[in-house]
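Engineer:
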Amino acid sequence: MERIKPYLYIAPAIILVSVFFITSAVYTIYSGFTDWNGLGEKVFIGLQNYQELFKDVNFQRSLINTLIWVVSGLIIPVCIPLILAVAISRTRFHNLYKNLFYFPNAISPTIGSLIITSLLSIYGLPKLFGLMGIESLDRYWLAIPYVNTFVMIGASVWQGIGTNLILFIVGLNNIPTEPIEAAQLDGASKFSLYTKIVFPLLKPTIVVVLLMSLVNSFKAFDSIWLMTGGGPYRTSETLALTMYKETFMNGNYGYGAAVATFLSIIVLFISFFYLKYTFSKEEKY
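Throughout, our numbering is defined as the position within the sequence shown, counted from one, plus 83.
1. If you compare alpha carbons, which of N178, Q242, Q143 is closest to A189?
2. Which residue or residues does DSSP assign as beta-bridge partners of D118?
3. Could you check where the alpha helix (DSSP H) with L285 kicks off and where it finishes?
4. At which residues does the alpha helix (DSSP H) containing R144 begin and terminate?
5. Within 10 Å of its beta-carbon, does I205 have 16 or more other beta-carbons around it, so buried, or fewer, so exposed?
6. G337 and T330 - do their beta-carbons sit closer together than 7 angstroms?
7. Whose C-beta lies closer than 7 angstroms to the C-beta of S296 among residues of the same chain, with five residues either side of it excluded?
8. Using only the alpha-carbon positions, how far apart do S201 and G207 sit?
9. Alpha carbon to alpha carbon, how far is L293 from F116?
10. Taking the alpha carbon of L248 as the point to measure from, which residue in F184, T318, V100 has its own alpha carbon closest?
11. Less than 7 angstroms between C-beta atoms, sequence neighbours within five positions excluded: which residues of the same chain meet that for V230?
12. So, with DSSP's three-state summary, where would you put F355?
13. Would you mind reading off the limits of the alpha helix (DSSP H) that contains G195?
14. For I280, tell me which candidate among V291, V298, T260, N299 has the shortest Cα-Cα distance.
15. Buried or exposed: where does V153 fall if 16 or more other Cβ atoms within 10 Å of its Cβ makes it buried?
What follows is the structure, given as C-alpha coordinates:
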(Lines of atoms letter the chains of each structure in order from A and count residues from 1; the text may use other names and numbers.)
(Lines give C-alpha, C1' and ligand atoms only; values in the text may rest on other atoms or scores of the structure.)
Protein backbone atom coordinates (compact mmCIF):
# COMPACT_ATOMS: atom_id res chain seq x y z
CA MET A 1 0.00 0.00 0.00
CA GLU A 2 2.86 2.38 0.78
CA ARG A 3 4.24 1.84 -2.71
CA ILE A 4 0.87 2.53 -4.32
CA LYS A 5 0.02 5.60 -2.21
CA PRO A 6 2.08 8.16 -4.24
CA TYR A 7 0.28 7.10 -7.41
CA LEU A 8 -3.11 7.54 -5.75
CA TYR A 9 -2.33 11.23 -5.17
CA ILE A 10 -1.76 11.87 -8.86
CA ALA A 11 -4.50 9.50 -10.06
CA PRO A 12 -7.26 12.19 -10.17
CA ALA A 13 -5.09 14.45 -12.34
CA ILE A 14 -4.19 11.56 -14.65
CA ILE A 15 -7.85 10.59 -15.00
CA LEU A 16 -8.94 14.18 -15.72
CA VAL A 17 -6.21 14.68 -18.32
CA SER A 18 -6.98 11.33 -19.94
CA VAL A 19 -10.73 11.89 -20.11
CA PHE A 20 -10.91 15.58 -20.96
CA PHE A 21 -7.71 16.10 -22.96
CA ILE A 22 -6.27 12.96 -24.51
CA THR A 23 -9.67 11.47 -25.36
CA SER A 24 -10.88 14.77 -26.83
CA ALA A 25 -7.68 15.18 -28.84
CA VAL A 26 -7.96 11.68 -30.34
CA TYR A 27 -11.67 12.23 -31.09
CA THR A 28 -10.92 15.55 -32.81
CA ILE A 29 -8.13 14.05 -34.91
CA TYR A 30 -10.44 11.26 -36.04
CA SER A 31 -13.24 13.74 -36.82
CA GLY A 32 -10.86 15.61 -39.12
CA PHE A 33 -10.95 12.62 -41.47
CA THR A 34 -14.76 12.61 -41.68
CA ASP A 35 -17.62 14.56 -43.22
CA TRP A 36 -19.98 15.34 -40.36
CA ASN A 37 -22.54 18.04 -39.63
CA GLY A 38 -22.72 17.30 -35.89
CA LEU A 39 -26.01 15.43 -36.06
CA GLY A 40 -25.99 12.80 -38.77
CA GLU A 41 -23.70 9.85 -39.35
CA LYS A 42 -20.00 10.42 -39.80
CA VAL A 43 -18.66 9.59 -43.25
CA PHE A 44 -14.95 8.75 -43.47
CA ILE A 45 -13.39 10.78 -46.31
CA GLY A 46 -9.68 10.43 -45.58
CA LEU A 47 -7.51 13.48 -46.28
CA GLN A 48 -10.17 15.39 -48.20
CA ASN A 49 -10.68 17.99 -45.45
CA TYR A 50 -6.94 18.68 -45.32
CA GLN A 51 -6.79 19.02 -49.10
CA GLU A 52 -9.63 21.53 -48.95
CA LEU A 53 -7.78 23.57 -46.33
CA PHE A 54 -5.12 24.80 -48.71
CA LYS A 55 -7.65 25.51 -51.45
CA ASP A 56 -9.81 27.60 -49.11
CA VAL A 57 -9.11 31.33 -49.47
CA ASN A 58 -10.54 32.02 -46.01
CA PHE A 59 -8.19 29.46 -44.45
CA GLN A 60 -5.19 30.94 -46.26
CA ARG A 61 -6.13 34.41 -45.03
CA SER A 62 -6.63 33.22 -41.46
CA LEU A 63 -3.24 31.46 -41.60
CA ILE A 64 -1.56 34.72 -42.66
CA ASN A 65 -3.36 36.61 -39.88
CA THR A 66 -2.27 33.97 -37.36
CA LEU A 67 1.35 34.34 -38.47
CA ILE A 68 1.04 38.13 -38.06
CA TRP A 69 -0.26 37.57 -34.52
CA VAL A 70 2.58 35.16 -33.76
CA VAL A 71 5.39 37.40 -35.06
CA SER A 72 3.93 40.42 -33.27
CA GLY A 73 3.37 38.33 -30.15
CA LEU A 74 7.01 37.28 -30.05
CA ILE A 75 8.30 40.84 -30.36
CA ILE A 76 5.96 43.40 -28.77
CA PRO A 77 4.72 41.55 -25.61
CA VAL A 78 8.30 40.52 -24.84
CA CYS A 79 10.39 43.58 -25.68
CA ILE A 80 8.11 46.21 -24.10
CA PRO A 81 7.69 44.43 -20.70
CA LEU A 82 11.42 43.67 -20.62
CA ILE A 83 12.32 47.33 -21.18
CA LEU A 84 9.73 48.44 -18.61
CA ALA A 85 10.97 45.86 -16.07
CA VAL A 86 14.53 47.12 -16.42
CA ALA A 87 13.35 50.72 -16.14
CA ILE A 88 11.15 50.39 -13.05
CA SER A 89 12.67 47.49 -11.09
CA ARG A 90 15.09 49.78 -9.22
CA THR A 91 12.92 52.88 -8.99
CA ARG A 92 11.44 54.25 -5.79
CA PHE A 93 7.81 53.78 -6.86
CA HIS A 94 8.22 50.40 -8.57
CA ASN A 95 5.22 48.89 -6.72
CA LEU A 96 2.99 51.69 -8.00
CA TYR A 97 4.22 51.18 -11.57
CA LYS A 98 3.69 47.42 -11.33
CA ASN A 99 0.10 47.91 -10.19
CA LEU A 100 -0.60 50.43 -12.95
CA PHE A 101 0.72 48.17 -15.69
CA TYR A 102 -0.90 45.06 -14.23
CA PHE A 103 -4.34 46.65 -13.83
CA PRO A 104 -5.48 45.97 -17.45
CA ASN A 105 -4.68 42.30 -16.89
CA ALA A 106 -7.17 42.23 -14.01
CA ILE A 107 -9.94 43.16 -16.45
CA SER A 108 -11.52 40.23 -18.25
CA PRO A 109 -10.72 39.96 -21.99
CA THR A 110 -14.39 40.56 -22.72
CA ILE A 111 -14.50 43.87 -20.85
CA GLY A 112 -11.13 44.94 -22.26
CA SER A 113 -12.27 44.24 -25.82
CA LEU A 114 -15.52 46.15 -25.29
CA ILE A 115 -13.56 49.13 -23.91
CA ILE A 116 -11.28 49.22 -26.93
CA THR A 117 -14.23 48.78 -29.31
CA SER A 118 -16.01 51.73 -27.70
CA LEU A 119 -12.89 53.90 -27.86
CA LEU A 120 -12.46 53.13 -31.56
CA SER A 121 -16.11 53.56 -32.53
CA ILE A 122 -17.11 56.38 -34.86
CA TYR A 123 -17.98 58.45 -31.77
CA GLY A 124 -14.67 57.74 -30.02
CA LEU A 125 -11.09 58.47 -31.04
CA PRO A 126 -11.82 58.65 -34.81
CA LYS A 127 -14.38 61.37 -34.13
CA LEU A 128 -11.86 63.23 -31.98
CA PHE A 129 -9.27 63.11 -34.78
CA GLY A 130 -11.91 64.37 -37.18
CA LEU A 131 -12.65 67.36 -34.93
CA MET A 132 -8.90 68.05 -34.82
CA GLY A 133 -8.87 68.27 -38.61
CA ILE A 134 -7.24 64.90 -39.31
CA GLU A 135 -9.91 63.63 -41.69
CA SER A 136 -7.91 60.59 -42.82
CA LEU A 137 -8.21 59.08 -39.32
CA ASP A 138 -11.91 59.81 -38.95
CA ARG A 139 -12.88 56.25 -39.89
CA TYR A 140 -14.02 53.11 -38.12
CA TRP A 141 -10.61 51.47 -37.78
CA LEU A 142 -11.96 48.01 -36.93
CA ALA A 143 -13.68 47.87 -40.34
CA ILE A 144 -10.43 48.39 -42.29
CA PRO A 145 -8.90 45.03 -43.33
CA TYR A 146 -5.51 44.28 -41.78
CA VAL A 147 -5.49 47.60 -39.96
CA ASN A 148 -7.99 46.04 -37.55
CA THR A 149 -5.60 43.10 -37.02
CA PHE A 150 -2.84 45.38 -35.74
CA VAL A 151 -5.34 47.33 -33.64
CA MET A 152 -6.47 44.09 -31.99
CA ILE A 153 -2.85 43.03 -31.45
CA GLY A 154 -2.27 46.36 -29.70
CA ALA A 155 -5.32 45.77 -27.51
CA SER A 156 -4.08 42.28 -26.65
CA VAL A 157 -0.64 43.64 -25.72
CA TRP A 158 -2.26 46.32 -23.54
CA GLN A 159 -4.10 43.67 -21.56
CA GLY A 160 -1.33 41.10 -21.33
CA ILE A 161 1.67 43.30 -20.69
CA GLY A 162 1.25 43.16 -16.89
CA THR A 163 1.85 39.41 -16.55
CA ASN A 164 5.07 39.48 -18.57
CA LEU A 165 6.21 42.57 -16.69
CA ILE A 166 5.79 40.82 -13.32
CA LEU A 167 7.65 37.75 -14.58
CA PHE A 168 10.57 39.86 -15.79
CA ILE A 169 10.73 41.83 -12.53
CA VAL A 170 10.78 38.59 -10.52
CA GLY A 171 13.49 37.25 -12.80
CA LEU A 172 15.58 40.41 -12.42
CA ASN A 173 15.25 40.30 -8.64
CA ASN A 174 16.41 36.67 -8.57
CA ILE A 175 19.59 37.34 -10.53
CA PRO A 176 22.66 36.97 -8.24
CA THR A 177 24.39 40.29 -7.56
CA GLU A 178 27.99 38.96 -7.62
CA PRO A 179 28.42 38.86 -11.45
CA ILE A 180 26.85 42.33 -11.77
CA GLU A 181 29.09 43.81 -9.07
CA ALA A 182 32.17 42.19 -10.63
CA ALA A 183 31.29 43.64 -14.04
CA GLN A 184 30.75 47.09 -12.52
CA LEU A 185 34.17 46.91 -10.80
CA ASP A 186 35.71 46.05 -14.17
CA GLY A 187 34.17 49.23 -15.59
CA ALA A 188 31.47 47.67 -17.75
CA SER A 189 29.06 50.14 -19.32
CA LYS A 190 25.30 49.93 -18.71
CA PHE A 191 24.76 48.51 -22.19
CA SER A 192 27.44 45.83 -21.78
CA LEU A 193 26.20 45.04 -18.28
CA TYR A 194 22.73 44.16 -19.53
CA THR A 195 23.70 42.49 -22.82
CA LYS A 196 26.60 40.43 -21.41
CA ILE A 197 25.46 39.72 -17.84
CA VAL A 198 21.82 40.51 -17.01
CA PHE A 199 19.99 39.25 -20.10
CA PRO A 200 21.92 35.93 -20.34
CA LEU A 201 21.13 35.29 -16.65
CA LEU A 202 17.50 36.21 -17.34
CA LYS A 203 17.27 33.65 -20.14
CA PRO A 204 15.05 31.10 -18.28
CA THR A 205 12.43 33.80 -17.68
CA ILE A 206 12.68 35.03 -21.28
CA VAL A 207 12.11 31.45 -22.50
CA VAL A 208 8.95 31.14 -20.39
CA VAL A 209 7.58 34.50 -21.55
CA LEU A 210 8.34 33.73 -25.21
CA LEU A 211 6.63 30.35 -25.01
CA MET A 212 3.56 31.84 -23.29
CA SER A 213 3.36 34.61 -25.89
CA LEU A 214 3.75 32.08 -28.71
CA VAL A 215 0.90 29.86 -27.49
CA ASN A 216 -1.36 32.84 -26.68
CA SER A 217 -0.81 34.25 -30.18
CA PHE A 218 -1.81 30.99 -31.85
CA LYS A 219 -5.01 30.66 -29.81
CA ALA A 220 -6.08 34.33 -30.06
CA PHE A 221 -9.87 34.24 -30.22
CA ASP A 222 -11.97 36.16 -27.70
CA SER A 223 -10.76 39.69 -28.49
CA ILE A 224 -11.11 39.09 -32.25
CA TRP A 225 -14.58 37.62 -31.85
CA LEU A 226 -15.79 40.54 -29.76
CA MET A 227 -14.13 43.36 -31.70
CA THR A 228 -14.65 42.33 -35.34
CA GLY A 229 -16.16 38.83 -35.39
CA GLY A 230 -13.49 38.01 -37.97
CA GLY A 231 -14.79 40.65 -40.37
CA PRO A 232 -15.16 42.50 -42.54
CA TYR A 233 -15.61 39.63 -45.00
CA ARG A 234 -13.58 37.26 -42.78
CA THR A 235 -10.40 39.30 -43.33
CA SER A 236 -9.40 39.43 -39.64
CA GLU A 237 -9.94 35.76 -38.79
CA THR A 238 -7.24 33.64 -37.18
CA LEU A 239 -7.08 29.86 -37.27
CA ALA A 240 -8.82 29.61 -33.89
CA LEU A 241 -11.71 31.74 -35.15
CA THR A 242 -11.92 29.85 -38.43
CA MET A 243 -12.11 26.61 -36.48
CA TYR A 244 -14.99 27.98 -34.38
CA LYS A 245 -16.94 29.38 -37.34
CA GLU A 246 -16.61 26.31 -39.51
CA THR A 247 -17.58 23.99 -36.65
CA PHE A 248 -20.34 25.76 -34.73
CA MET A 249 -21.69 28.30 -37.23
CA ASN A 250 -21.35 26.53 -40.58
CA GLY A 251 -21.91 23.03 -39.18
CA ASN A 252 -18.79 21.61 -40.86
CA TYR A 253 -17.59 19.62 -37.86
CA GLY A 254 -15.16 17.51 -39.83
CA TYR A 255 -13.59 20.52 -41.54
CA GLY A 256 -13.43 22.42 -38.24
CA ALA A 257 -11.72 19.43 -36.61
CA ALA A 258 -9.16 19.45 -39.43
CA VAL A 259 -8.42 23.13 -38.76
CA ALA A 260 -8.10 22.39 -35.02
CA THR A 261 -5.72 19.49 -35.70
CA PHE A 262 -3.62 21.59 -38.09
CA LEU A 263 -3.38 24.39 -35.53
CA SER A 264 -2.43 21.98 -32.73
CA ILE A 265 0.29 20.37 -34.85
CA ILE A 266 1.83 23.76 -35.63
CA VAL A 267 1.85 24.79 -31.95
CA LEU A 268 3.33 21.46 -30.80
CA PHE A 269 5.92 21.45 -33.60
CA ILE A 270 7.17 24.97 -32.93
CA SER A 271 7.07 24.56 -29.14
CA PHE A 272 8.98 21.26 -29.27
CA PHE A 273 11.82 22.53 -31.44
CA TYR A 274 11.97 25.87 -29.64
CA LEU A 275 12.33 24.19 -26.24
CA LYS A 276 14.75 21.59 -27.62
CA TYR A 277 16.94 24.31 -29.13
CA THR A 278 16.81 26.40 -25.95
CA PHE A 279 17.71 23.61 -23.54
CA SER A 280 20.39 22.17 -25.84
CA LYS A 281 22.12 25.56 -25.80
CA GLU A 282 21.91 25.62 -21.99
CA GLU A 283 23.51 22.16 -21.78
CA LYS A 284 26.49 23.42 -23.79
CA TYR A 285 27.16 26.02 -21.13
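Ideal Cβ positions, reconstructed from N, Cα and C, are used throughout, including at glycine.
What you are looking at is a predicted structure, and each value in this text was computed from that prediction instead of being measured.
Structural biologist: For this structure:
1. Indexing the sequence shown from 1 puts residue 189 at position 106. Shortest Cα-Cα distance from A189 to any of N178, Q242, Q143 involves Q242.
2. Translated into the one-based positions of the sequence shown, residue 118 becomes position 35. In DSSP, D118 forms a bridge with V126.
3. Sequence index remark: in the sequence shown, residue 285 carries index 202 (1-based). For L285, no alpha helix (DSSP H) run applies, since DSSP gives it neither H nor E.
4. Position 61 of the sequence shown, counted from the start, is the residue given in the question as residue 144. Start and end: 140–171.
5. Position 122 of the sequence shown, counted from the start, is the residue given in the question as residue 205. Answer is exposed; the Cβ neighbour count stays below 16.
6. In the sequence shown, counting from the first residue as 1, residue 330 sits at position 247. In the sequence shown, counting from the first residue as 1, residue 337 sits at position 254. No, the Cβ-Cβ distance between T330 and G337 is not below 7 angstroms.
7. Working through the sequence shown from its first residue, we reach residue 296 at position 213. Closer than 7 angstroms at the Cβ level, and outside the excluded window around S296, lie G156, L157, P160, V161.
8. As a working mapping, residue 201 is identified with position 118 in the sequence shown. As a working mapping, residue 207 is identified with position 124 in the sequence shown. If you take the alpha carbons of S201 and G207, they lie about 7 angstroms apart.
9. Along the sequence shown, one-based indexing puts residue 293 at 210. Along the sequence shown, one-based indexing puts residue 116 at 33. Rounded to whole angstroms, L293 to F116 spans 33 angstroms at the Cα level.
10. Counting from one through the sequence shown, the residue named residue 248 turns up at place 165. The closest CA to that of L248, considering only F184, T318, V100, is found on F184.
11. Taking the first residue of the sequence shown as position 1, residue 230 is located at position 147. Around V230: W224.
12. Against the sequence shown, residue 355 aligns to sequence position 272. For F355, the secondary structure class from DSSP, reduced to helix, strand or coil, is helix.
13. Within the sequence shown, residue 195 is the residue found at index 112, counting from 1. Counting along the chain, the alpha helix (DSSP H) containing G195 begins and ends at 192–202.
14. Sequence index remark: in the sequence shown, residue 280 carries index 197 (1-based). Selected option, being the one with the closest Cα: T260.
15. Taking the sequence shown and counting its residues from 1, the one referred to as residue 153 is at position 70. Label assigned to V153: buried.
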